[in-house]
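Structure, as structure tokens:
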Amino acid sequence: MSSPQGFDYSAQRDGTVLITHDGRRATVLRGDRAEQFLEEVEYDPQQVMARWTGNYKRGNERVAKRHPRNAGR
Numbered sequence: 017m018s019s020p021q022g023f024d025y026s027a028q029r030d031g032t033v034l035i036t037h038d039g040r041r042a043t044v045l046r047g048d049r050a051e052q053f054l055e056e057v058e059y060d061p062q063q064v065m066a067r068w069t070g071n072y073k074r075g076n077e078r079v080a081k082r083h084p085r086n087a088g089r
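Numbering (our numbering), first residue to last: 17 to 89.
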């Protein structure tokens, strides 16, 4: 699986964190969530931002393709 790319973040003066993906706003974090994100983002920024925005592969895409409900798509 390839590593997520295109994420960036900026911490604002009021304590909020803006996460963008390819220049478009993905999410805004405030308060305790923003603080927790800033602690985690130091280790693997792209993976952490992908996880916090929900924009990452969960590993079940191939299984979902074979589900009868998705037949013919």
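No residue lacks a Cβ here, since even glycine has one placed at the ideal position from N, Cα and C.
Item                                                                                                      : Value
Spatial distance of M17 from R49 (CA atoms)                                                               : Because M17 carries a pLDDT of 45, less than 50, the predicted location of this residue cannot be relied on, and no value is offered for it.
Under the three-state DSSP convention, the category D48 falls into                                        : helix
Y25, buried or exposed, once every other Cβ within 10 Å from all chains shown has been counted against 16 : buried
Pair within 9 Å by beta-carbon distance, E51 and G31                                                      : yes
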